[in-house]
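K.L.:
According to the numbering used here, the sequence shown is numbered sequentially starting from 1. Note that CB positions come from ideal geometry on N, CA and C, so glycine has one too. Computed from a predicted model, the values in this text were never measured in an experiment. Below you will find the structure I want to go over with you.
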Amino acid sequence: MKLSKKLFIAIASFALAASVFAAPITIKVASVAPARSSWDVQQRQIAKEWAEITNGEVILQFMPSESMGGEYGVVKKLKAVRPGQKAPIGGAIFTSMGLSDFAPECNVMTLCAPFLFRDQSEVNAVLKQFTPTMQKAFDEKGYVVLGWFNIGWAYFFTSEPVNTPNDLKKLRLAVGGLTSPALSNAFKSAGYLTQDVPADKLMQSISTGAVQGLFTIPMYAYAAQYYKNLDNAVNIPLAPVMVGFILNKSDWDAIPAKYKPELLKSIKKAEAKFIADQKRMDAEYLNRCEKNGCVINNPNAKVWEDAFKADLHYMYEGSTPVVNKAFYEQIAAFLKNYRGE
1 MKLSKKLFIA
11 IASFALAASV
21 FAAPITIKVA
31 SVAPARSSWD
41 VQQRQIAKEW
51 AEITNGEVIL
61 QFMPSESMGG
71 EYGVVKKLKA
81 VRPGQKAPIG
91 GAIFTSMGLS
101 DFAPECNVMT
111 LCAPFLFRDQ
121 SEVNAVLKQF
131 TPTMQKAFDE
141 KGYVVLGWFN
151 IGWAYFFTSE
161 PVNTPNDLKK
171 LRLAVGGLTS
181 PALSNAFKSA
191 GYLTQDVPAD
201 KLMQSISTGA
211 VQGLFTIPMY
221 AYAAQYYKNL
231 DNAVNIPLAP
241 VMVGFILNKS
251 DWDAIPAKYK
261 PELLKSIKKA
271 EAKFIADQKR
281 MDAEYLNRCE
291 KNGCVINNPN
301 AKVWEDAFKA
311 DLHYMYEGST
321 PVVNKAFYEQ
331 IAAFLKNYRG
341 E
């Protein structure tokens, strides 16, 4: 009896020690967040909170996408080299382009159609309504979507003043390039001069004048210093730039269930902060660009809206459409009802 009791205590002590000293679950996550940006700060906060919530059992290690060849390179890293092997990284924070490259069936690029939305409240309403539909594409690939949000609205930054879309068509533009050739091709079909530039060559192409215009959010334009050569901004937000945080289901399943509600709350808190702050951040980064010599031009927004809507069909035609026409019409119908039209 005494021996059995001692054996039980020994086994229990060993199990306790094993749980205490078990190696933490480290999940490598590639992120497109610019270094030292407010976005970068926020994701560091998420990593800190996850470590605190799990008492150090789960470590989120964010890594810059640039070091992996941009979003296109990250898509490759999310796939195992050989069947049965673990992928080099466990997750990613992608923009719309990366999400679309990884899971085209999610149709997230449809949300980036110019002038589909009028303001942030409409984006929020559409995300709430259609997130379950978009998530299915990731579920089928073995990934969970922890959060959706938009990090700002896309503007054109150019090397010379631009007042109309016809002015823009005279410049060499980077609007997706090798990361999203379908988007680049759609612009090309509409009469724009697009350049297919890999992410790691973009700054060089801008500096040499090979690229004279860029479609991006103000945060990127400022953080990457693109505005120094592309020192004119068209002050018309054309479309929201969506972001998704995806995690390999095997990594998510490895996390003890007791922590998951609080971990998701941490993501939702960051998501809400971004959504609440995005308009302020766009204005703030545009202001920073302006203070450092960038000219903010204010052309007639109606002229731009009419031109881009007339060219919308180029985005859903062809062998690799950017916009899913049926999904676009669904969203447009939802927004019409949302606006009370």
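1. Can you have a look at Gln212 and say buried or exposed, based on whether 16 or more other CB atoms are within 10 angstroms of its CB?
2. According to DSSP, is Glu146 part of a helix, a strand, or is it coil?
3. Give every residue of the same chain whose Cβ lies closer than 7 Å to the Cβ of Met68, excluding the five residues on either side of it in the sequence, and list them in chain order.
4. I'd like to confirm the pairing. Which residues does DSSP put opposite Val58 in its beta bridges?
5. I'd like to check one pair, Val32 with Gly91: are the Cβ atoms closer than 8 Å?
6. Output the distance between the C-alpha atoms of Phe62 and Ala87, rounded to the nearest integer angstrom.
7. Just how far apart, CA to CA, sit Val234 and Ile255?
8. Relative to the alpha-carbon of Ile331, which residue among Tyr155, Thr110, Phe156 and Trp153 has its alpha-carbon at the smallest distance?
9. Which residue from Gly147, Ala35 and Ile27 puts its Cα closest to that of Ala223?
10. Does the separation of the CB atoms of Val145 and Gly70 fall below 8 Å?
11. Give the straight-line distance between the Cα atoms of Gln120 and Lys201, rounded to the nearest whole angstrom.
12. Quick check on DSSP: helix, strand or coil for Asp130?
13. Taking 8 Å as the threshold, find out whether the stretch 134-145 comes into contact with the stretch 100-114 through three or more Cβ pairs.
14. Can you tell me whether Val197 is buried or exposed, with buried defined as 16 or more other CB within 10 angstroms of its CB?
15. Can you list the alpha helix (DSSP H) stretches of 4 or more residues lying completely in the stretch 167-199, in chain order?
16. Measuring CA to CA, which of Gln45, Asp139 and Glu52 is closest to Leu362?
P.N.:
Based on what the coordinates show:
1. buried
2. In the sequence on display, residue 146 carries Leu and not Glu. Residue state, collapsed to three classes: strand.
3. Ala30, Val74 and Lys77
4. Ile25
5. no
6. 16 Å
7. 45 Å
8. Thr110
9. Ala35
10. no
11. 32 Å
12. It is Phe, not Asp, that sits at residue 130 in the sequence shown. In the structure shown, Phe130 sits in a helix (DSSP, three-state: H, G or I).
13. yes
14. buried
15. 181-189
16. With the chain represented from 1 up to 341, any question about residue 362 goes unanswered, as that position is not in the structure.
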